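Working notes, structure below.
In UniProt numbering, the protein residues as written are 1 to 202.
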């Protein structure tokens, strides 16, 4: 498989007011050997209004890699979405399932590619002074490390609560043995019960 590794930032042009589809910007990358020429040519993004959040959101739909100006490797994108006035950032983007965002091959040419992009950040709308807006990150607030810490803390808190509850249930004896007084005596009374069956005697 062909490998592609890069550190990447990207700006896009503002769309016209009559279109919800983002105008694309072509950018040639000179990061590859001379035996082939690549152009990361198109990021296809859409902008939609969601009534539930009462705001516009942009979504990156597909990424295309063009080799030799002929062969196009097309990838669908799993989860790149953010409010239209924000940018989107992800530390790792690529074809591996271990990355924060997956590029899913959508044609045969794309299946021959392994793509890895580090420090990926993109913004399609409301770009001012060539600066990214506040970034919506692909990493959720509750990462695996945070979940592990929360679960461990809850277990330890439960053990502490149970221990305090058991200590509070401890009681002292109502009476104590006086060494100068008479000893306590416990008398055991055995009661013998005889059952006499008809026609028999014991």
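A virtual CB, placed ideally from N, CA and C, is assigned to each residue, including glycine.
It should be emphasised that the depicted structure is a prediction, and the values quoted were computed from it without experimental measurement.
Looking at residue 73: is its Cβ nearer than 8 Å to the Cβ of residue 80? The count along the chain shown starts at 1 and reaches residue 73 at position 73. The count along the chain shown starts at 1 and reaches residue 80 at position 80. No; because the gap between Cβ atoms is not below 8 Å, this pair is not in contact.
Minimum C-alpha distance to residue 103 - residue among 124, 61, 82: Working through the chain shown from its first residue, we reach residue 103 at position 103. Out of 124, 61, 82, 61 has the C-alpha closest to the C-alpha of residue 103.
7 Å Cβ shell around residue 78 - same chain, five flanking residues per side excluded: The residue you call residue 78 lines up with position 78 of the chain shown. Hits under 7 Å: 101, 102, 104.
What first and last residue would you give for the beta strand (DSSP E) that runs through residue 94? By one-based count along the chain shown, residue 94 stands at place 94. Going by DSSP, residue 94 is part of the beta strand (DSSP E) stretching over 87 to 94.
When the Cα of residue 106 is compared with those of 90, 75, 85, 134, which residue comes out closest? Taking the first residue of the chain shown as position 1, residue 106 is located at position 106. When only C-alpha atoms are compared, the closest one is 75.
Alpha carbon to alpha carbon, how far is residue 155 from residue 113? Position 155 of the chain shown, counted from the first residue, corresponds to residue 155. Position 113 of the chain shown, counted from the first residue, corresponds to residue 113. Residue 155 and residue 113: Cα-Cα distance of roughly 45 Å.
Residue ranges of each beta strand (DSSP E) within the UniProt domain "V-type proton ATPase subunit S1 luminal" (38 to 125), 3 or longer: 38 to 50, 55 to 67, 71 to 77, 81 to 83, 87 to 94, 101 to 105, 113 to 123
Does residue 136 come out as helix, strand or coil in the three-state DSSP assignment? Taking the first residue of the chain shown as position 1, residue 136 is located at position 136. Strand.
Using 10 angstroms around the beta-carbon of residue 35, count the other beta-carbons present and answer buried if the total reaches 16, otherwise exposed. Working through the chain shown from its first residue, we reach residue 35 at position 35. Because the pLDDT of residue 35 is 35, which lies under 50, any placement of that residue in the model is unreliable, and the number read from its coordinates should be weighed accordingly. Counting Cβ neighbours within 10 Å, residue 35 comes out exposed, since fewer than 16 surround it.
Which term fits residue 145, buried or exposed, when burial requires 16 or more other beta carbons within 10 angstroms of its beta carbon? Here residue 145 corresponds to residue number 145 of the chain shown, with the count starting at 1. Flag for residue 145 reads exposed.
Assigned exposure category for residue 123 - 16 Cβ within 10 Å defines buried: Here residue 123 refers to the residue found at position 123 of the chain shown. Buried, since its Cβ has 16 or more Cβ neighbours within 10 Å.
Does the separation of the CB atoms of residue 92 and residue 53 fall below 8 Å? Locating residue 92 in the chain shown gives position 92, counting from the first residue. Locating residue 53 in the chain shown gives position 53, counting from the first residue. No, the pair does not count as a contact, with Cβ atoms beyond the cut-off.
Going by beta-carbon coordinates alone, are residue 89 and residue 67 separated by less than 8 Å? As a working mapping, residue 89 is identified with position 89 in the chain shown. As a working mapping, residue 67 is identified with position 67 in the chain shown. Going by C-beta atoms, residue 89 is not nearer than 8 Å to residue 67.
Let me check understanding here. Comparing Cα to Cα, which of 116, 109, 82, 84 lies closest to residue 96? Along the chain shown, read from residue 1 onward, the residue named residue 96 stands at position 96. Ranking the options by Cα distance to residue 96, first place goes to 116.
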